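Residue numbers (the working numbering): 910 to 1122.
Report on one structure; see the data block that follows.
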Amino acid sequence: MPRPAPAALGRAFFDRPAELVAPDLLGRTLVSDLPEGAVELRITEVEAYSGSADPAAHSYRGMTARNAVMFGEPGHVYVYFTYGMHFCANLVTGPGTTASGVLLRAGEIRSGEELARRRRPSSRSAVDLARGPARLASALGFDRAVNGVDACSPGTPVRILPGSPPEAAAVSAGPRTGVSSAADIPWRFWIADDPTVSPYRRHVPKKRRTPAG
DNA sequence: ATTAGGATCTTCT
DNA sequence: GAAGATCCTAATG
């Protein structure tokens, strides 16, 4: 007898290297089920960050208060605050507790668009609601309160529906966006020709304000 | 479509 | 003290 399909992806899915989990997340549905309401998003762009060997990963220099969740169990949500105003969200991956993760970079809102629009009034078109990692986190209502949430437990406010990933031929890969080190590693994955994928931007060091001449 | 500059504050050096 | 896994607006082609 076939057993019923699981309601959400389980721990084993995330207990693999980030660069394998990342493309496998594309095309799947992420559910944000917070008190304010539910939003569903089809994942279209991700980036893999791999613990100790990856100089671009937040975990590269060891555990800190900020990145502690990355060092825990795979399948939890790692949310960080950046540029003094934005949140971005990752899913922690394995194998084991290797402090690896997948940054959720972009997606297409499939339901709850009204709530997403309320959270992101500056987006003029629907494809822009979650086109970029901070936009995505904002559209889903992710902030500090979501950091550390287990996406694999029953009744969790964050989960990934199994769905079906895209054909390998539809997946593109390239260098990660906005990273200053290891800029050559092609660990950004996206669904080719999808309008919700964010534009690639190379890292540019921010220019300091010049006090005088 | 592409570019440039500013916003804003946590985090780690 | 300096940089940052970014976004917005305005100006320009």
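Even glycine gets a Cβ: it sits at the ideal position worked out from N, Cα and C.
As the structure is a computational prediction, the values presented were derived from the model and not from experiment.
- Query: Candidates 946, 1004, 960, 1029: which alpha carbon is nearest residue 984's?
  - Reply: Along the first sequence, read from residue 1 onward, the residue named residue 984 stands at position 75. Looking at the Cα atoms, 1004 is the closest of the given residues.
- Message: In whole angstroms, give me the CA-to-CA distance for residue 935 and residue 1115.
- Response: Here residue 935 corresponds to residue number 26 of the first sequence, with the count starting at 1. Here residue 1115 corresponds to residue number 206 of the first sequence, with the count starting at 1. Using only the alpha carbons, I get a separation of about 31 Å.
- Item | C-alpha gap between residue 967 and residue 1092, whole angstroms | Taking the first sequence and counting its residues from 1, the one referred to as residue 967 is at position 58. Taking the first sequence and counting its residues from 1, the one referred to as residue 1092 is at position 183. Cα to Cα, the separation comes out at about 15 Å.
- Run the CB neighbour count on residue 949, radius 10 Å, all protein chains shown included, and call it buried at 16 or more, exposed below. Here residue 949 refers to the residue found at position 40 when the first sequence is read from its first residue. Classification of residue 949: buried, given that the 10 Å Cβ count is 16 or more.
- Which term fits residue 1023, buried or exposed, when burial requires 16 or more other beta carbons within 10 angstroms of its beta carbon? As a working note, residue 1023 is residue 114 in the first sequence. Answer is exposed; the Cβ neighbour count stays below 16.
- Cα separation between residue 976 and residue 1057? For this step, residue 976 is matched to residue 67 along the first sequence. For this step, residue 1057 is matched to residue 148 along the first sequence. Computed Cα separation, rounded: 10 Å.
- With contact counted as at least three CB pairs below 8 Å, one residue from each stretch, are the region 955-965 and the region 1004-1021 in contact? yes
- Thinking C-alpha only, which one of 1028, 1019, 1053, 945 is nearest residue 997? In the first sequence, counting from the first residue as 1, residue 997 sits at position 88. Considering only alpha carbons, the answer is 1053.
- Message: Using only the alpha-carbon positions, how far apart do residue 1025 and residue 1099 sit?
- Response: Position 116 of the first sequence holds residue 1025. Position 190 of the first sequence holds residue 1099. Their backbone Cα atoms lie some 22 Å apart in a straight line.
- Message: Just to confirm my understanding: we take residue 1079, look at its own chain, exclude 5 residues before and 5 after, and list those with CB closer than 7 Å. What are they?
- Response: On the first sequence, position 170 is the one that residue 1079 refers to. Around residue 1079: 1100, 1101.
- Outcome for residue 988 when other beta-carbon atoms lying within 10 angstroms are tallied against a minimum of 16: Here residue 988 corresponds to residue number 79 of the first sequence, with the count starting at 1. Its Cβ being crowded by 16 or more others within 10 Å, residue 988 is buried.
- Task: Give me whichever residues DSSP pairs with residue 926 in a beta bridge.
- Result: Position 17 of the first sequence, counted from the start, is the residue given in the question as residue 926. Its beta-bridge partners are 1003.
- Buried or exposed: where does residue 979 fall if 16 or more other Cβ atoms within 10 Å of its Cβ makes it buried? Numbered from its first residue, the first sequence carries residue 979 at position 70. Flag for residue 979 reads buried.
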